[in-house]
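All residue numbers for the sequence shown refer to the numbering used here, where the first residue is 1 and numbers rise by one.
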Amino acid sequence: MAFQSFFDFRMPTHVVHGAGSIARLANLLNADAQPLIVADAGLVEAGIVSQVTAVLDDAGMKWTLFTDVVGNPVARNVSAGARTYAKGSCSAIVGLGGGSPMDVAKMIGVVATGGGRIDQYLGAGKVAADLPPLVCIPTTYGTGSEVTPFAVLTNPKTQNKDPVISWKIAPSAAILDPNLSVALPIGLGGTTGMDALTHAIESYTNLLAAPFTDGIALTAIEMIGEHLRVACANDHETEATEQMLLASCMAGVAFAQTRLGNVHAMSHPVGAQFGVHHGLANAVLLPHVMDFNLQSRLGKFAQIASALGEQTEGLSDYDAACLSVEAVRQLNDDLGIPSMLKETGVKASGLSKLARTAMQSGNVTINPRKTTLADMQTLFRTAL
Ligand SMILES: [Fe+2]
1 MAFQSFFDFR MPTHVVHGAG SIARLANLLN ADAQPLIVAD AGLVEAGIVS QVTAVLDDAG
61 MKWTLFTDVV GNPVARNVSA GARTYAKGSC SAIVGLGGGS PMDVAKMIGV VATGGGRIDQ
121 YLGAGKVAAD LPPLVCIPTT YGTGSEVTPF AVLTNPKTQN KDPVISWKIA PSAAILDPNL
181 SVALPIGLGG TTGMDALTHA IESYTNLLAA PFTDGIALTA IEMIGEHLRV ACANDHETEA
241 TEQMLLASCM AGVAFAQTRL GNVHAMSHPV GAQFGVHHGL ANAVLLPHVM DFNLQSRLGK
301 FAQIASALGE QTEGLSDYDA ACLSVEAVRQ LNDDLGIPSM LKETGVKASG LSKLARTAMQ
361 SGNVTINPRK TTLADMQTLF RTAL
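Okay, here's the thing in structure tokens:
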């Protein structure tokens, strides 16, 4: 198996897992901490925020709640959050929810300590100051943001979703409590779960994949293949939810090291230019990009097919690799996810701009198959 001769592996986040582990939140913060809780209005309504504030109340902690977070968050959400942090004399941050609140929590930490505007920090290595203690609590099983050094901002200037990249924004702790995400609506569970699968597959197959991350990513693929359908179909399946939370976090650990590939390069402008949910865009794009990438990593795509439960014994690597694409198409179908971008609101007239924007992503350069602008245009046309 080809692998990187040189690689770094970092995992600075203390991960706490288990049903009821939200009770440990106060212990993961300093005793005199005054946390800013970053969530969204839906989590208040679902009674999830009150489960978190109850733990802080029991510990006698003064907290402030900030819920001005939208899907595909923008700079305004971050600056409003940083103002609320200062006004509340906060000294710690709790990011609660899906990728958007967790990413906004990270970016509030950047502006609260470093000052200025968040767009000054876009790119790699621009964060100089240490963040306040940051605990992330995922309530969906997709982004893995609770363990990554990335936060993504929708940027009207580039018409893209641009990342802040720094290990300084990796959370100090993450709490994986399946009780907080057991009853996700199928649309949300399915698409966020497919985001996690995309992370694992892109990490496992891209040019920066290494033995440390391969083991974690392939196990995550297997767990998602086994548990995502059940977790979405049955609100009482705590075990499947627990496995999905773990798999999503593991995929996060893997892609925190390796970054991703063409699926994310393409889904970010789709999200920024057409407002499509991140997990949905990835889910639709994933089998199309896998089909394009197959020939660059036949053995690895054959292993993905097997991890997703396909019978590959006796097949050539090529035939087995093709089954990985079929397995992902079937999974999308079972979860009610469309197969083409036009079903998510993407218009043919936007394709050439989408392709040009996608080519700006660093994820294209580490995609396993070399990709030209013409390839990118073809990929978008095929997926439309
Ligand atoms: Fe993602």
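C-beta atoms are modelled at their ideal positions from N, C-alpha and C, and glycine is treated no differently. Since the structure is predicted, the reported quantities are computational estimates derived from the model, not experimental observations.
Can you give me the start and stop residues for the alpha helix (DSSP H) that residue i sits inside?
{"i": "phenylalanine 7", "result": "Here phenylalanine 7 belongs to no alpha helix (DSSP H), and DSSP marks it neither H nor E."}
{"i": "histidine 268", "result": "262 to 274"}
{"i": "threonine 258", "result": "238 to 258"}
{"i": "alanine 323", "result": "Looking at the sequence provided, one finds leucine at residue 323 rather than alanine. Looking at the DSSP string, the run of the alpha helix (DSSP H) that includes leucine 323 is 317 to 334."}
{"i": "glutamate 45", "result": "41 to 45"}
{"i": "glutamine 303", "result": "298 to 307"}
{"i": "glycine 225", "result": "211 to 233"}
{"i": "arginine 381", "result": "373 to 383"}
{"i": "isoleucine 48", "result": "48 to 58"}
{"i": "asparagine 293", "result": "278 to 293"}
{"i": "arginine 410", "result": "For residue 410 there is no data in the structure shown, the boundaries of the chain being 1 and 384."}
What's the C-alpha gap between residue i and residue j?
{"i": "methionine 1", "j": "asparagine 30", "result": "Any answer about methionine 1 is weak, because its pLDDT of 47 lies below 50 and its placement is not dependable; what the coordinates show is given next. Their backbone Cα atoms lie some 45 Å apart in a straight line."}
{"i": "arginine 297", "j": "lysine 161", "result": "28 Å"}
{"i": "histidine 277", "j": "serine 267", "result": "9 Å"}
{"i": "proline 211", "j": "threonine 205", "result": "11 Å"}
{"i": "valine 38", "j": "serine 79", "result": "13 Å"}
{"i": "alanine 386", "j": "asparagine 27", "result": "In this structure the chain extends from 1 to 384, so residue 386 is not present and cannot be described."}
{"i": "threonine 143", "j": "cysteine 322", "result": "26 Å"}
{"i": "asparagine 282", "j": "histidine 264", "result": "7 Å"}
{"i": "aspartate 219", "j": "valine 325", "result": "Looking at the sequence shown, residue 219 is not aspartate but threonine. For threonine 219 and valine 325, the distance between alpha carbons rounds to 18 Å."}
{"i": "arginine 76", "j": "tyrosine 318", "result": "48 Å"}
{"i": "threonine 139", "j": "leucine 245", "result": "8 Å"}
{"i": "asparagine 332", "j": "leucine 285", "result": "11 Å"}
{"i": "valine 104", "j": "alanine 151", "result": "7 Å"}
{"i": "aspartate 334", "j": "phenylalanine 292", "result": "23 Å"}
{"i": "glutamine 120", "j": "alanine 129", "result": "14 Å"}
{"i": "glycine 88", "j": "serine 145", "result": "25 Å"}
{"i": "glutamate 202", "j": "glycine 261", "result": "6 Å"}
{"i": "glutamate 239", "j": "alanine 374", "result": "44 Å"}
{"i": "phenylalanine 66", "j": "glutamate 310", "result": "45 Å"}
{"i": "alanine 251", "j": "alanine 217", "result": "6 Å"}
{"i": "lysine 353", "j": "arginine 259", "result": "23 Å"}
{"i": "threonine 192", "j": "methionine 102", "result": "14 Å"}
{"i": "serine 172", "j": "threonine 372", "result": "39 Å"}
How far does the beta strand (DSSP E) with residue i in it extend, from its first residue to its last?
{"i": "proline 35", "result": "35 to 38"}
{"i": "valine 15", "result": "14 to 17"}
{"i": "cysteine 136", "result": "134 to 138"}
{"i": "leucine 153", "result": "150 to 155"}
{"i": "alanine 174", "result": "173 to 176"}
{"i": "isoleucine 366", "result": "No beta strand (DSSP E) holds isoleucine 366; DSSP gives it neither H nor E."}
{"i": "isoleucine 165", "result": "160 to 165"}
{"i": "leucine 65", "result": "64 to 66"}
Compare the C-beta of residue i against all C-beta atoms of chain B and say whether one is closer than 7 Å.
{"i": "arginine 24", "result": "Absence of chain B from the displayed structure is noted, only one protein chain being present."}
State yes or no: is the C-beta of residue i nearer than 6 Å to some heavy atom of ligand 1?
{"i": "aspartate 195", "result": "yes"}
For this session: Take every Cβ of the segment 127 to 137, pair it with every Cβ of the segment 88 to 101, and state whether three or more of those distances are shorter than 8 Å.
Result: Cβ pair count under 8 Å is three or more, so yes.
Exercise. Between the segment 227 to 241 and the segment 307 to 318, do at least 3 Cβ pairs fall closer than 8 Å?
Worked result: Contact fails: fewer than three Cβ-Cβ distances are below 8 Å.
Problem set entry | Stretch pair the segment 50 to 66 + the segment 112 to 127: three plus CB contacts closer than 8 Å | Contact fails: fewer than three Cβ-Cβ distances are below 8 Å.
Exercise. Is the segment 6 to 16 in contact with the segment 164 to 184, if contact means three or more CB pairs nearer than 8 Å?
Worked result: Taking 8 Å as the limit for Cβ pairs, the verdict is that the segment 164 to 184 does touch the segment 6 to 16.
Problem set entry | Inter-stretch contact at 8 Å, needing at least 3 Cβ pairs: the segment 63 to 72 / the segment 110 to 117 | With fewer than three CB-CB distances shorter than 8 Å, the segment 63 to 72 does not count as touching the segment 110 to 117.
For this session: Could you tell me whether the segment 242 to 257 touches the segment 336 to 346, using the rule of 3 or more Cβ pairs below 8 Å?
Result: Note that the segment 242 to 257 does not touch the segment 336 to 346; fewer than 3 beta-carbon pairs, one per stretch, sit closer than 8 Å.
Problem set entry | Uninterrupted beta strand (DSSP E) stretches inside the segment 85 to 110 (no shorter than 3 residues) | Segments of the beta strand (DSSP E) lying fully in the segment 85 to 110: 92 to 97.
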